[in-house]
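Data block below; observations after.
Residue numbers (the working numbering): 1 to 711.
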């Protein structure tokens with residue numbers, strides 16, 4: 001581990017807030033001057049000022065904007081008419097069917113370059129179903145997926161009131177920009193001497209909005225300065241005085257009652273945080289809009305496509321987001337949002353894909369959040385949902401014992417984390433996000449030694465998620481895909497024919513009909529069958545065969561056999577197996593509202609969680625050997641190697657297909673209708689088949705268990 005410099009500061013609760021000078025801290029009057037966003041009338045008075053009254057009625061045509069009375073609605077119609085009566089159908093049909101009649105690879109192309117995470121924040125604890133609603137012991141959590149702070153926030157906010165766990169949390173971000181966003185969010189959400197609502201709004205706009213009110217930007221800078229004092233300047237001074245390399249580590253700590261935060265980053269990463277905290281210079285609002293527009297053209301879904309799959313109100317909300325990049329209710333005034341967000345604007349650069357929609361970072365439950373008459377205002381619902389969630393998080397965090405550590409290192413370096421994190425045992429939950437899709441081999445090797453043994457905590461779980469299990473197009477599902485192509489133009493004999501009727505053949509096809517029908521067929525696809533073919537494929541996941549293929553009796557996927565002491569859990573304990581699944585059998589009858597919500601969500605790619613438990617151990621020499629192999633090969637390289645090994649043994653059509661995976665019935669794999677996981681959800685559909693062809697796992701020879709008290 002590289003040497004590091006240490007900086008520390010302490011921050012106390014509201015009773016001692018006076019320690020900050022008036023010039024550096026906002027007064028109560030200044031905080032009150034920050035207009036806390038509330039539902040308000042969308043109209044303006046004769047002088048052009050926003051009407052401050054509470055909205056009581058929505059525009060009956062779009063349900064996107066709301067007014068206090070009929071007079072305001074009539075007065076605002078001249079401004080609102082352009083949006084409310086815009087001919088979106090004409091824009092949709094400007095494209096030809098050939099432009100949108102594409103396969104699964106193209107369905108997800110617009111998502112590939114998104115800056116935002118494409119799977120929602122998840123409760124990784126689920127204490128009610130696992131350790132218990134009255135649990136008061138210690139839990140160690142590791143988040144290394146994209147924007148892992150989201151999962152921590154959601155998990156803490158969902159803690160049962162009767163639970164009082166002691167949490168040791170490690171969050172690892174993947175880039176300088178994301179670690180800066182996480183650092184600023186932690187600073188705001190742990191500032192107990194500030195208004196939690198102001199902190200929440202500042203966090204939302206810092207995280208997502210292209211601009212913010214100048215007073216809110218100053219609030220963020222004030223909190224960060226109070227948090228780290230002259231820490232960032234000290235880092236620069238130490239670096240210059242000692243001739244420190246950009247890779248040298250520097251540690252910053254702060255503490256409050258029940259909370260200790262440690263941030264350990266390289267000099268270059270601290271420099272990035274310093275840059276992202278400074279106001280933008282040399283870039284005007286017009287130039288900033290141009291940068292966002294360029295990013296939209298390069299990275300976002302085409303207009304004709306999202307107009308085809310979305311409802312009218314949903315599409316108008318997206319177009320508003322693309323125009324201004326402000327996470328606000330649709331009809332809320334933008335007056336005063338005059339300061340560029342320095343997190344996104346650095347010189348003439350803008351983060352690739354940041355003009356895309358951020359909705360997918362949070363659960364779809366936000367669509368049911370009631371915020372007033374504007375029932376179709378999706379961005380308004382997200383704003384109020386997220387603000388209230390962040391306020392709840394701050395209140396719950398103040399009552400929970402937490403030791404938190406933030407870092408930013410590559411996955412291959414995580415093997416040094418055990419001593420570096422200074423925690424006394426392996427982790428009870430590990431969330432690794434898309435690392436599985438990027439490099440599943442390295443993911444399992446790197447994290448296998450960091451998970452707690454099931455004998456010590458039967459609920460300890462490594463969480464991986466994949467977007468590839470249903471859209472892979474392997475030869476063994478070719479017949480099913482061909483059937484889908486045929487059903488694009490003919491009846492499917494299900495409620496799909498009512499929700500998205502078959503498209504007309506040839507030149508008579510309508511763009512909207514084709515897009516909605518194709519996405520509908522994806523919803524009705526047998527996700528379990530496709531996932532079994534992919535996850536059980538030795539050509540993708542027979543990692544045991546990589547070192548010495550001749551010593552392996554049968555080449556099988558690690559999802560079936562386990563690997564390095566890890567095994568896939570049959571019955572999910574923490575997550576829903578399919579978090580975004582709407583249909584579980586051909587006979588299911590989702591409502592038109594739910595169908596349109598699914599089609600209108602930013603990410604329509606099927607997501608599959610895999611829960612891993614640690615039921616065995618590996619001697620250090622063997623683990624080191626596997627780690628050397630894993631770090632020496634990219635995913636393409638090890639899949640090519642596996643392909644060579646499988647040649648002449650089995651084809652993709654035979655891989656992992658011992659039994660057809662039946663279509664799951666509604667409510668079983670996805671948990672209850674409320675979205676909570678069921679204890680019996682696994683084993684329905686894509687059962688894990690053991691090496692002997694039967695259900696269950698072949699028992700592994702266990703080595704010495706990890707240290708810690710046996711539970």
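Don't be surprised by glycine CBs; every beta carbon is placed ideally from N, CA and C.
Based on Cα-Cα distance, which residue from 521, 543 and 459 lies nearest to residue 135? 459
Can you list, in chain order, the residues of its chain with a C-beta nearer than 8 Å to that of residue 427? Leave out the 5 residues immediately preceding and following it. 140, 141, 142, 170, 450, 451, 452 and 460
Just verifying my parser: in three-state terms, what is the DSSP assignment at residue 609? strand
Through-space distance from residue 163 to residue 447, alpha-carbon basis: 28 Å
Could you check the C-alpha separation between residue 221 and residue 40 for me, to the nearest Å? 28 Å
Is the distance from the Cβ of residue 54 to the Cβ of residue 206 below 8 Å? no
Measure from the alpha carbon of residue 51 to the alpha carbon of each residue in 331, 515 and 455, then state which is nearest. 331
So residue 179 and residue 155 are supposed to be a Cβ contact under 8 Å. How far apart are they, rounded? With 8 Å as the limit, residue 179 and residue 155 do not qualify as a contact, their Cβ atoms being about 20 Å apart.
Inspect the beta-carbon positions of residue 584 and residue 611 and report whether they are closer than 8 Å. no
Selection from 271, 261 and 258 that minimises the alpha carbon distance to residue 249: 271
Counting contacts by CB-CB distance shorter than 8 Å, is residue 628 in contact with chain B? Among the chains of the structure shown, chain B does not appear; only one protein chain is present.
Residue 562, buried or exposed, once every other Cβ within 10 Å from all chains shown has been counted against 16: buried
Straight-line Cα distance separating residue 43 from residue 486: 50 Å
Taking 8 Å as the cut-off, decide whether the C-beta atoms of residue 542 and residue 533 are in contact. no
Supposed contact pair residue 357 and residue 321 - C-beta distance, whole angstroms, cut 8 Å: 6 Å
For residue 53, three-class secondary structure by DSSP: coil
On the three-state DSSP scale, how would you describe residue 453? strand
Can you tell me whether DSSP reads residue 601 as helix, strand or coil? coil
Could you give the distance in angstroms between the alpha-carbon of residue 713 and the alpha-carbon of residue 84? A query on residue 713 cannot be resolved here, the shown segment of the chain reaching from 1 to 711 and no further.
Contact under 8 Å by Cβ, residue 201 with residue 36: yes
Just to check, is the beta-carbon of residue 532 closer than 7 Å to a non-hydrogen atom of the ligand ATP? This structure does not include the ligand ATP; it has no bound ligands of any sort.
Could you pull the start and end residues of the beta strand (DSSP E) that residue 176 belongs to? No beta strand (DSSP E) contains residue 176, which is instead part of the alpha helix (DSSP H) from 176-189.
Taking the beta strand (DSSP E) that residue 370 falls in, what are its first and last residues? Looking at the DSSP string, residue 370 is not in any beta strand (DSSP E), and its letter there is neither H nor E.
For residue 38, does the three-state DSSP call read helix, strand or coil? coil
With DSSP as the reference, label residue 688 as helix, strand or coil. Any reading at residue 688 needs caution, since the residue's pLDDT is 36, under 50, leaving its predicted position unreliable; the model's value is listed next. Residue 688: coil per DSSP, three-state reduction.
Taking all protein chains shown into account, decide if residue 114 is buried (16 or more other Cβ within 10 angstroms of its Cβ) or exposed. buried
Excluding the five sequence neighbours on either side, which residues of its own chain have a C-beta within less than 7 Å of the C-beta of residue 151, listed in chain order? 121, 122, 124, 143 and 431
According to DSSP, simplified to helix, strand and coil, what is residue 406? strand
What residue does the beta strand (DSSP E) around residue 266 start on, and which one ends it? 259-266
Alpha-carbon spacing of residue 513 relative to residue 314, whole angstroms: 17 Å
Skipping 5 residues on each side, what residues in its chain have a beta carbon closer than 6 Å to that of residue 666? Note on residue 666: pLDDT 36, under 50, position unreliable in the model; the coordinate value appears next. Answer for residue 666: 584 and 588, listed in chain order.
Range covered by the beta strand (DSSP E) that runs through residue 287: It is not in any beta strand (DSSP E) - residue 287 instead sits in the alpha helix (DSSP H) that spans 285-299.
Beta-carbon contacts of residue 209 that lie in its chain and below 7 Å, excluding the five residues immediately before and after: 325, 326, 327 and 341
Determine the contact status of residue 352 and residue 299, defining contact as a CB-CB distance below 8 Å. yes
Here's a check: name, in chain order, each residue in its chain whose Cβ is nearer than 8 Å to the Cβ of residue 73, leaving out the five neighbours to either side. 43, 57, 59 and 67
Considering Cα atoms alone, identify which of 608, 361 and 78 is closest to residue 472. 608
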